[in-house]
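To keep things clear, I will list the structure first and then write my remarks on it.
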Amino acid sequence: MDSPLSQQVYFQWLRAMILRSQQMNSGMLKPAYTCDRWFQKKRLCEEWRNVGSTVTFALATPPPEMVGRVRIEWFQRFHFLNQTAKEKNITYSINPKDPPWNMVIGSEGRELRISPITESDIMVNYFIAVAHFERGSPKRKLNFAIQAMPTDIGLVYPGDTVTIHMPSYVSLPAESMTYLWQMEGVSIFLPSNMRPSRSGASLTVFELRKEQEGILACAVFTNLGIFATQKRFVIKNVESGKFVECVTV
8 MDSPLSQQVY FQWLRAMILR SQQMNSGMLK PAYTCDRWFQ KKRLCEEWRN
58 VGSTVTFALA TPPPEMVGRV RIEWFQRFHF LNQTAKEKNI TYSINPKDPP
108 WNMVIGSEGR ELRISPITES DIMVNYFIAV AHFERGSPKR KLNFAIQAMP
158 TDIGLVYPGD TVTIHMPSYV SLPAESMTYL WQMEGVSIFL PSNMRPSRSG
208 ASLTVFELRK EQEGILACAV FTNLGIFATQ KRFVIKNVES GKFVECVTV
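Residue numbers (the working numbering): 8 to 256.
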């Protein structure tokens, strides 16, 4: 790269690469506002809200001179169990002219407002925004999910026996529901000191152990296998012992 011509060619190439990188970054579909929690790998924007409150999912789309016209579609993905009890998802398109009763799509499709948030709107169900660009990358996708705020059920110490009764937190007929309990991030199988009731609506923890810090979750499904809601019970340290805190998602 000693000659002026070689240097000129190199810098032209370098400028082209920088411009291309900027164009690619500007062409990415992004949340318009800061998420309460962002998962880059899943491209998932998580917002923390209470059931009964309001949330607005908003998109920041690339400028028209970069991608041309933009058309946006919204979808809601429902988690469910099939007849073999294997987890699956089913996705429904949200019609902007006839959306569900608690949803409104505005700002030329760039915003989805949910008010009030219902049990079926929270995780593990979630929402998908798909942007169709006139130029460049033809389609981009972004995921949004709602995680409800925690509810404290009081102190529990190591060695205690604790019974968690789901109908105390969810107004659902136990006989028509399926309850799935698990320790998150550990295994789909419960430890030997955790025993669900015959209906699954309750779980008893015998002799709570120190090493069982983490999240105990219960997902509730209807008789059709549709995900209804989920409650999470967080076991963590306090100065005088342990406690279990209920977290709804």
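Yeah, the Cβ is synthetic: ideal placement off N, Cα and C, and Gly gets one too. Keep in mind that this is a model prediction, so the values were computed, not measured.
Opposing strand residues paired with residue i [DSSP bridges]
i    : result
K104 : Per DSSP, none; premise fails for K104.
A136 : W81, L149
Q154 : W55
V212 : V169, M201
K37  : A67
Q189 : A224
As assigned by DSSP and simplified to three states, the class of residue i
i    : result
P174 : helix
S194 : strand
E141 : coil
E118 : strand
S127 : helix
S199 : coil
S183 : helix
Q29  : The predicted position of Q29 is uncertain, since its pLDDT is 47 and thus under 50; a value taken from the coordinates is nonetheless stated next. Q29 falls in the helix class under three-state DSSP.
Contacting residues, own chain, Cβ-Cβ under 7 Å from residue i (five flanking each side not counted)
i    : result
Q29  : Here the model assigns Q29 a pLDDT of 47, short of 50, so the residue's position is not dependable, and the following value carries that caveat. Nothing meets the Cβ criterion.
V111 : R120
P103 : I112, G116
P106 : I112
V193 : G221
K49  : N150
6 Å CB neighbourhood of residue i in its chain, flanking five on each side removed
i    : result
K217 : P165
R56  : V62, I124, I153
E54  : D43, V62, I153
P203 : W188, L210
P198 : none
Any C-beta of chain D under 8 Å from that of residue i
i    : result
M110 : Annotation note: the requested chain D is absent from the structure, which comprises a single protein chain.
Beta-carbon contacts of residue i that lie in its chain and below 8 Å, excluding the five residues immediately before and after
i    : result
A235 : E126, S127, V177, L179, M184, V227, F228, T229
S114 : A65
L169 : As written in the sequence, residue 169 is Val, which differs from the Leu given in the question. If we look at V169 and ignore the five residues flanking it on each side, its Cβ neighbours are V163, T211, V212, L215, V251.
F85  : N96, I97, T98, Y99, S127, N132, I233, F234
I195 : Q189
M35  : P69, R147
Q237 : I129, M130, V131, A224, C225, A226, V227, T255, V256
N109 : I121, S122, P123, I124, T125, D128
*Could I get the ranges of all uninterrupted beta strand (DSSP E) runs contained in the segment 40–115, with 3 residues as the minimum, in chain order?*
44–46, 51–55, 62–67, 77–88, 94–100, 110–113
*For the 8 Å Cβ check, are there 3 or more pairs between the segment 63–71 and the segment 32–48?*
yes
*Is there contact between the segment 73–86 and the segment 132–151, where contact requires at least three CB pairs shorter than 8 Å?*
yes
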